[in-house]
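Chains as they are written, first to last, in the working numbering: chain U, 1 to 119; chain V, 1001 to 1412.
A virtual CB, placed ideally from N, CA and C, is assigned to each residue, including glycine.
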Amino acid sequence: MGLISKLIGIALAAVGFVLLFFGMNDTSTMSYVYSFLGLLVMAIGFALLTAGKPKEEKLPPPTITEIRCNNCDFKEIRDFKKGDYILKTVEEACPKCQTGMTIEGVYMIREEPKKKYNV
Amino acid sequence: MCTARACDKPMSCHILLLMIFENVEIEAIKRIQNAEDLIFMQIGATDEFSGIIQIAFFAFMMLFMLYGAKFQLWQFLKQIEVGLAEMKRMFVKSRQTAIETFKEYGHSEEEVAKELDQFMDYFTIMPVDLDPAGILKRLDHLLDVRRDRFQEFVADLAPESSGSMNQNLENTLEVTQVLGLIYRIVRHFYILGKKTGSQIMIMQIHMLMPELLRLAKAYFDAIGAFSQGKPIGDGIGPLVITKFAREFGATPESYTHEISKEVGYYTVETEGRTVYALRATGPGGTVGKPGFGVKNLMEKHGKKISRIITIDAALKFEGEELGRVAEGTGAAIGDPGPEKFAIEQAATEYGIGIEAIVIKEDEATAVGVMDKKILDTVPEVIERIKSVILKRTNPGESVILAGIGNTIGIGL
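Structural data, given as structure tokens:
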């Protein structure tokens, strides 16, 4: 739900509150109607305010394969391919010095948790 | 008779009294008018419906006093139901992943599904503990038999799979089985609680639900890693061992296989000490029997060995940093008992120290694809190992360095 629906929600909740208050201060039989209406409008307002899109299932971050040259500082990072494992010697030679390369890491970079506890 | 000094004359006293009464009357009228204010904020308070409102209010109070707990239980059951649906989804999805992985190795989807469903109920009965003598030996034997059955099942269901992939399939099967087991246990207590109306049963499962869901989610997220052979966080121990050994010239060829089941070691020289760097054989997913590996090495090299150092992933406390390295005393190995016992027994017999270096992780990181932060701890752990060897062993002595963990996706 967007910002507009949230604003409408706040407005409806406020209107509902006023109606409820009015109904409670009225001594006539109409007070039932006002109070019920106030509660209803307030409920709709709060429902709009708190409603949100169902949580989208987050896709896991991609698994990365890190390949390093055995001789120089050349480093290649690519997506994981089936059959990759850490310390596997890769077939391709280093484009810089033409020596062998090894998979030095297969990993995932996970998102840091947003919520921090200051304790 | 008025005795007040100020009113000598009865007439004036009477007037005064009248005036006072009049004031009181006016005040009373005002108060009655204000009473209407007092009954404001009560819906329809002054009309004939106010009685109904009062009855409704008391009915509401009585209802919640008598049936409040029932309402709460109903709420708990609904919440358990939501969690249970999520668990079922995870189990069904992981079962499907397992079927899709297995069917690549020789059998049709229907055959795989049928066999897999039968194997989902496979269980292990723990040895009797009323007479604890020799319980670890019996437990170890049962675990061996269980492992053999798993290997046999995988070999039958995936005849075209290689040795290393067989281990990964075994891990995939185990994860699916764990998810199925969690789902079935929670469902059991949910239905039983509903049937019997037992508050304690419902409340217990409701309270445990967040933790069970967290555990199930960690395994569910890990199934992809196991089915594709990606390294997991628990594999940091074996990875450290190989990186350490390679620093001192070890190669996959210098690795001595099968000191114990699926476990081998590198022999390297550092600062005048001989280090037997032991780990399970990868890159297939296995933890092997490193405890017995340590014991066998001790029996082989005897008194030359002056220290045992174990490296493993350990569960971190909430609030602790992921990938924090910690040191301690004892055998860092999370088996059901026999492996740890073998290490402790060997160390006690020879009177040598056991040290542990652990890398702190949470469940999701330990069973999921290795996190970059965990991988980045390797240099620090190696430095700590070197420091322990230098400080607490003498040149000419030997050290056993054991990397404990699942070797999936970690080569020799």
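*asked:* I need the straight-line Cα distance from Ser1254 (chain V) to Ile1185 (chain V), nearest angstrom please.
replied: Taking the second sequence and counting its residues from 1, the one referred to as residue 1254 (chain V) is at position 254. Taking the second sequence and counting its residues from 1, the one referred to as residue 1185 (chain V) is at position 185. Between the C-alpha atoms of Ser1254 (chain V) and Ile1185 (chain V) there is a straight-line separation of about 47 Å.
Kindly indicate the opening and closing residues of the beta strand (DSSP E) around His1257 (chain V).
-> Taking the second sequence and counting its residues from 1, the one referred to as residue 1257 (chain V) is at position 257. Run containing His1257 (chain V): Thr1256 to Ser1260, per the beta strand (DSSP E) assignment.
| Partners in chain V for Thr99 (chain U), counting only beta-carbon separations shorter than 9 Å | As a working mapping, residue 99 (chain U) is identified with position 99 in the first sequence. The premise fails here: Thr99 (chain U) is roughly 16 Å from chain V at the closest Cβ pair, so nothing lies under 9 Å.
Practice problem: Taking all protein chains shown into account, decide if Asp1140 (chain V) is buried (16 or more other Cβ within 10 angstroms of its Cβ) or exposed. | Solution: For the purposes of this step, residue 1140 (chain V) is taken as residue 140 along the second sequence, with counting starting at 1. So Asp1140 (chain V) ends up on the buried side.
**Asked** What's the C-alpha gap between Glu1086 (chain V) and Leu1212 (chain V)?
**Response** What you label residue 1086 (chain V) is simply residue 86 of the second sequence in a count that begins at 1. What you label residue 1212 (chain V) is simply residue 212 of the second sequence in a count that begins at 1. Roughly 11 Å separates the two Cα atoms.
Bridge-paired residues (DSSP) for Asp1312 (chain V): Working through the second sequence from its first residue, we reach residue 1312 (chain V) at position 312. DSSP, once it has assigned bridges, lists V:Val1358 as partnering Asp1312 (chain V).
*Whole angstroms is fine: what's the gap from Arg1095 (chain V)'s alpha carbon to Tyr34 (chain U)'s?*
Along the second sequence, read from residue 1 onward, the residue named residue 1095 (chain V) stands at position 95. Along the first sequence, read from residue 1 onward, the residue named residue 34 (chain U) stands at position 34. Going from the Cα of Arg1095 (chain V) to the Cα of Tyr34 (chain U) covers about 56 Å.
| task | Please specify which runs of the alpha helix (DSSP H), each continuous and at least 4 residues long, are wholly inside the segment 23-60 of chain U, giving them in chain order. | result | 30-50
Does any residue of chain V bring its CB to less than 9 Å from the CB of Phe22 (chain U)? Counting from one through the first sequence, the residue named residue 22 (chain U) turns up at place 22. No, no contact with chain V.
Check: In whole angstroms, what separates the C-alpha of Lys1103 (chain V) from that of Ala1158 (chain V)?
Finding: For the purposes of this step, residue 1103 (chain V) is identified with residue 103 of the second sequence, where counting begins at 1. For the purposes of this step, residue 1158 (chain V) is identified with residue 158 of the second sequence, where counting begins at 1. Taking the straight line from one Cα to the other gives about 7 Å.
- request: Report the neighbours of Val1092 (chain V) on chain U: residues whose CB is nearer than 8 Å to its CB, in chain order.
  value: As a working mapping, residue 1092 (chain V) is identified with position 92 in the second sequence. By Cβ distance, chain U contributes nothing, its closest Cβ being about 15 Å from Val1092 (chain V), past 8 Å.
Quick check on Val1268 (chain V): does DSSP put it in helix, strand or coil?
Your numbering for residue 1268 (chain V) matches position 268 in the second sequence. The answer is strand: DSSP assigns Val1268 (chain V) an E or B state.
- Can you tell me the Cβ-Cβ gap for Leu1179 (chain V) and Ala1216 (chain V), rounded? I've got them flagged as a contact below 8 Å. Within the second sequence, the letter at position 179 stands for residue 1179 (chain V). Within the second sequence, the letter at position 216 stands for residue 1216 (chain V). Going by Cβ atoms, the distance from Leu1179 (chain V) to Ala1216 (chain V) rounds to 6 Å, so yes, they are a contact pair.
### Query
When we look at the beta-carbon of Glu104 (chain U) and count the other beta-carbons within 10 Å, is it buried (16 or more) or exposed?
Counting from 1 along the first sequence, the entry for residue 104 (chain U) is found at position 104. So Glu104 (chain U) ends up on the buried side.
Just by C-beta distance, which residues in the segment 55-69 of chain U are closer than 7 Å to chain V? Pro60 and Thr63
**Asked** Leu1278 (chain V) CB to nearest chain U CB: under 9 Å?
**Response** Here residue 1278 (chain V) refers to the residue found at position 278 of the second sequence. Cβ-Cβ to chain U under 9 Å: no for Leu1278 (chain V).
>> I need the boundaries of the alpha helix (DSSP H) containing Tyr1067 (chain V), first residue and last residue.
In response: By one-based count along the second sequence, residue 1067 (chain V) stands at place 67. Where Tyr1067 (chain V) is concerned, the enclosing alpha helix (DSSP H) stretches over Ser1050 to Phe1102.
Quiz item: Between Thr1101 (chain V) and Ser1227 (chain V), what straight-line distance do the alpha-carbon atoms span, to the nearest angstrom?
Solution: Counting from one through the second sequence, the residue named residue 1101 (chain V) turns up at place 101. Counting from one through the second sequence, the residue named residue 1227 (chain V) turns up at place 227. Approximately 6 Å between the Cα atoms of the pair.
At a Cβ threshold of 9 Å, is Val119 (chain U) touching chain V? To locate residue 119 (chain U), count along the first sequence from 1; it is residue 119. Closer than 9 Å: yes.
- request: To the nearest angstrom, report how far apart Gln1199 (chain V) and Arg1279 (chain V) are at their CA atoms.
  value: Stepping through the second sequence from its first residue, residue 1199 (chain V) is reached at position 199. Stepping through the second sequence from its first residue, residue 1279 (chain V) is reached at position 279. Near 48 Å, if we compare the C-alpha coordinates of Arg1279 (chain V) and Gln1199 (chain V).
Original post:
Are the CB atoms of Gly1411 (chain V) and Lys88 (chain U) nearer to each other than 9 Å?
Top reply: One-based indexing of the second sequence puts residue 1411 (chain V) at position 411. One-based indexing of the first sequence puts residue 88 (chain U) at position 88. The Cβ atoms of Gly1411 (chain V) and Lys88 (chain U) sit closer than 9 Å to each other.
Verify the contact flag: Tyr1122 (chain V), CB atom, against every heavy atom of the ligand FMN, threshold strictly below 8 Å.
Among the components modelled here there is no ligand, and therefore nothing to report on the ligand FMN.
Q: Identify, in the order they occur along the chain, each residue of the same chain with its Cβ nearer than 6 Å to the Cβ of Arg1005 (chain V), setting aside the five sequence neighbours on each side.
A: Here residue 1005 (chain V) refers to the residue found at position 5 when the second sequence is read from its first residue. The predicted position of Arg1005 (chain V) is uncertain, since its pLDDT is 47 and thus under 50; no value can be drawn from it.
For a test of the three-state rule: what should DSSP assign to Ser1398 (chain V), helix, strand or coil? For the purposes of this step, residue 1398 (chain V) is taken as the residue at position 398 of the second sequence. Note: Ser1398 (chain V) maps to strand in three-state DSSP.
For Val1358 (chain V), which residues of its own chain have a beta-carbon under 6 Å away from its beta-carbon, when the five flanking residues on both sides are left out? The residue you call residue 1358 (chain V) lines up with position 358 of the second sequence. Excluding positions up to five away in sequence, the list reads Asp1312, Ala1314, Ala1326 and Ala1332.
9 Å Cβ cut-off: residues of chain U touching Thr1242 (chain V)
Position 242 of the second sequence, counted from the first residue, corresponds to residue 1242 (chain V). Scanning chain U for C-beta atoms nearer than 9 Å to the C-beta of Thr1242 (chain V) yields Ile86 and Leu87, reported in chain order.
According to DSSP, is Ile1185 (chain V) helix, strand or coil? The count along the second sequence starts at 1 and reaches residue 1185 (chain V) at position 185. Here Ile1185 (chain V) sits in helix by DSSP.
Does Lys1194 (chain V) have its Cβ less than 9 Å from a Cβ in chain U? In the second sequence, residue 1194 (chain V) corresponds to position 194, counting from 1. So, not an interface residue.
What are the start and end residues of the alpha helix (DSSP H) that includes Thr1242 (chain V)? Within the second sequence, residue 1242 (chain V) is the residue found at index 242, counting from 1. Residues Ile1236 to Glu1247.
request  = Since I believe Phe1189 (chain V) is in contact with Met1201 (chain V) (beta carbons under 8 Å), could you give me their beta-carbon distance rounded to a whole number of angstroms?
outcome  = Position 201 of the second sequence, counted from the first residue, corresponds to residue 1201 (chain V). Position 189 of the second sequence, counted from the first residue, corresponds to residue 1189 (chain V). Their Cβ separation, rounded to whole angstroms, is 6 Å, which keeps Met1201 (chain V) and Phe1189 (chain V) in contact under 8 Å.
### Message
Is it buried or exposed, Phe1064 (chain V), if we count other Cβ atoms within 10 angstroms and call 16 or more buried?
### Response
Position 64 of the second sequence, counting from 1, holds the residue named residue 1064 (chain V). Taking a 10 Å sphere around the C-beta of Phe1064 (chain V), we find fewer than 16 other C-beta atoms and assign the residue as exposed.
*Give the interface partners of Arg78 (chain U) over in chain V, defined as CB-CB distance under 8 Å, in chain order.*
In the first sequence, counting from the first residue as 1, residue 78 (chain U) sits at position 78. The premise fails here: Arg78 (chain U) is roughly 14 Å from chain V at the closest Cβ pair, so nothing lies under 8 Å.
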